[in-house]
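K.L.:
Below: one structure in structure tokens.
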Amino acid sequence: MKKKRGQHYIWRYYLTSWSDDSGYLFCLRNNKVFRVLPKNIGKARDFYRLRNLSPLEISIIEQGFIKNYWTQEIQQINKNWIKLFTDIFRQKEILEQQGKWDEQQEEKLDVIMNNLVEDVHCQIEETALPYLDSLKSGNIDFLKSSHAKFEFMFFLCLQYVRTSMMKNNILKSFAAGPLPVSPSQIENVWSVLYFILATNLAMTLSTSRTLRVVMLKNISSLPFITGDQPIINTLVDYSVYEEAKEFELYYPISPELALLISNNTNQSIIEVKEEEVTKYNNLIVNASDEQIYSNDESILNSLV
Numbered sequence: 109m110k111k112k113r114g115q116h117y118i119w120r121y122y123l124t125s126w127s128d129d130s131g132y133l134f135c136l137r138n139n140k141v142f143r144v145l146p147k148n149i150g151k152a153r154d155f156y157r158l159r160n161l162s163p164l165e166i167s168i169i170e171q172g173f174i175k176n177y178w179t180q181e182i183q184q185i186n187k188n189w190i191k192l193f194t195d196i197f198r199q200k201e202i203l204e205q206q207g208k209w210d211e212q213q214e215e216k217l218d219v220i221m222n223n224l225v226e227d228v229h230c231q232i233e234e235t236a237l238p239y240l241d242s243l244k245s246g247n248i249d250f251l252k253s254s255h256a257k258f259e260f261m262f263f264l265c266l267q268y269v270r271t272s273m274m275k276n277n278i279l280k281s282f283a284a285g286p287l288p289v290s291p292s293q294i295e296n297v298w299s300v301l302y303f304i305l306a307t308n309l310a311m312t313l314s315t316s317r318t319l320r321v322v323m324l325k326n327i328s329s330l331p332f333i334t335g336d337q338p339i340i341n342t343l344v345d346y347s348v349y350e351e352a353k354e355f356e357l358y359y360p361i362s363p364e365l366a367l368l369i370s371n372n373t374n375q376s377i378i379e380v381k382e383e384e385v386t387k388y389n390n391l392i393v394n395a396s397d398e399q400i401y402s403n404d405e406s407i408l409n410s411l412v
């Protein structure tokens with residue numbers, strides 16, 4: 109089993125909506141625009157590598173992000189995330205106590221620590237693929253199924269919280285906040301914690317009676333762009349992270365289509381003109397960490 113080092117926090121298949129027939133799109137990074145394949149962007153070295161969690165760190169997760177959140181069923185799902193990502197370390201401890209741990213097992217553990225989270229993301233993305241394809245064709249009928257709706261919302265929330273931007277902002281919020289939890293502790297638990305944050309947020313979105321899923325149909329000549337924070341809360345200032353009091357999630361699906369989850373409209377499809385497209389594109393730019401993507405080189409050049 110090979111260790112996966114360059115790990116994507118932006119789904120490669122998602123980015124293909126901005127690719128040309130040869131598979132390339134345009135990326136703006138460090139004030140330079142270049143043509144690139146999706147597999148070479150939106151990634152970082154060992155981004156998902158697991159760490160062994162102490163009993164205190166597990167308690168921080170359980171007390172701060174699981175206890176008193178939703179039903180016992182959802183709490184158990186979140187506890188299962190902890191178990192999934194910590195069992196490998198417990199197994200090592202048991203085998204070490206029995207004198208059965210060896211160098212070969214240590215090498216295998218090293219690979220699993222790197223690969224496990226990315227492998228879980230691949231499984232979740234495979235489940236979400238038909239939903240994304242339905243959205244690309246302008247079809248949101250699958251949301252009528254409560255099971256499919258939660259599956260998709262969970263996928264969506266993972267794409268929202270798993271990015272470098274969200275990780276860094278949440279770490280900053282704990283550094284500046286009053287809670288007796290250090291940023292280093294949040295850093296250690298992050299690969300487990302954001303699955304729990306996504307589960308809790310997905311429950312909020314999928315059970316809300318006021319939030320509505322809206323398709324934004326771009327009827328202008330200006331394409332929707334996307335970035336390395338592909339899902340954004342339009343009601344949040346990403347330059348200074350604060351806990352969101354309200355949610356209106358925006359998710360560009362292609363240059364022509366985007367998804368909006370909002371309680372400010374009763375419509376299911378909204379046609380947007382250039383002024384609105386520009387507004388949403390600017391929100392993507394402001395929320396991005398270091399990369400912005402488009403099928404149109406000139407749009408990215410205008411941002412330099």
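Position in the sequence shown (from 1) plus 108 gives the number in the working numbering. Every residue gets a Cβ at the ideal spot worked out from N, C-alpha and C, and that includes glycine. These figures come from a predicted structure and were not determined experimentally.
Give every residue of the same chain whose Cβ lies closer than 8 Å to the Cβ of E233, excluding the five residues on either side of it in the sequence, and list them in chain order.
P.N.:
The residue given as residue 233 occupies position 125 in the sequence shown. The residues are W119, Y121, F263.
K.L.:
With F134 as the anchor, note down where its beta strand (DSSP E) starts and where it stops.
P.N.:
On the sequence shown, residue 134 is found 26 positions in, with the first residue counted as 1. Per DSSP, F134 belongs to the beta strand (DSSP E) from 133-137.
K.L.:
If you check the beta carbons only, do L365 and M323 fall under 9 Å apart?
P.N.:
Looking up residue 365 in the sequence shown gives position 257. Looking up residue 323 in the sequence shown gives position 215. The answer is yes: Cβ separation under 9 Å.
K.L.:
Less than 8 Å between the CB atoms is what I'm expecting for E405 and V144, so what's the real figure, rounded?
P.N.:
On the sequence shown, residue 405 is found 297 positions in, with the first residue counted as 1. On the sequence shown, residue 144 is found 36 positions in, with the first residue counted as 1. In fact, because the Cβ distance is near 12 Å, the residues do not count as touching under 8 Å.
K.L.:
Ignore the nearest five residues each way along the sequence and tell me which others in S362's own chain have a CB closer than 8 Å to its CB.
P.N.:
In the sequence shown, counting from the first residue as 1, residue 362 sits at position 254. The residues are S125, W126, K244, F332.
K.L.:
Taking only three categories from DSSP, how would you classify E379?
P.N.:
As a first step, residue 379 must be located in the sequence shown, where it is residue number 271. Here E379 sits in strand by DSSP.
K.L.:
In or out: Q205 buried (at least 16 other Cβ within 10 Å) or exposed?
P.N.:
Locating residue 205 in the sequence shown gives position 97, counting from the first residue. Exposed.
K.L.:
How is the beta strand (DSSP E) around N148 delimited, first residue to last?
P.N.:
Residue numbering aside, residue 148 sits at position 40 when the sequence shown is read from its first letter. Here N148 belongs to no beta strand (DSSP E), and DSSP marks it neither H nor E.
K.L.:
Give the secondary structure of Y358 by DSSP, where H, G and I count as helix, E and B as strand, and everything else as coil.
P.N.:
Counting from 1 along the sequence shown, the entry for residue 358 is found at position 250. In the structure shown, Y358 sits in a strand (DSSP, three-state: E or B).
K.L.:
Is T307 closer than 9 Å to N371 when the C-beta atoms are compared?
P.N.:
Translated into the one-based positions of the sequence shown, residue 371 becomes position 263. Translated into the one-based positions of the sequence shown, residue 307 becomes position 199. Against a cut-off of 9 Å, the Cβ pair of T307 and N371 comes out as no contact.
K.L.:
Within the same chain, show all residues whose beta-carbon is closer than 6 Å to that of N389, passing over the 5 residues directly before and after it, in chain order.
P.N.:
Position 281 of the sequence shown, counted from the first residue, corresponds to residue 389. Closer than 6 Å at the Cβ level, and outside the excluded window around N389, lie I333.
K.L.:
DSSP three-state label for G172, please.
P.N.:
Taking the sequence shown and counting its residues from 1, one reaches residue 172 at position 64. It is helical.
K.L.:
Is the beta carbon of L391 closer than 9 Å to that of V321?
P.N.:
As a working mapping, residue 321 is identified with position 213 in the sequence shown. As a working mapping, residue 391 is identified with position 283 in the sequence shown. It is not a contact, given that the beta carbons lie outside the stated cut-off.
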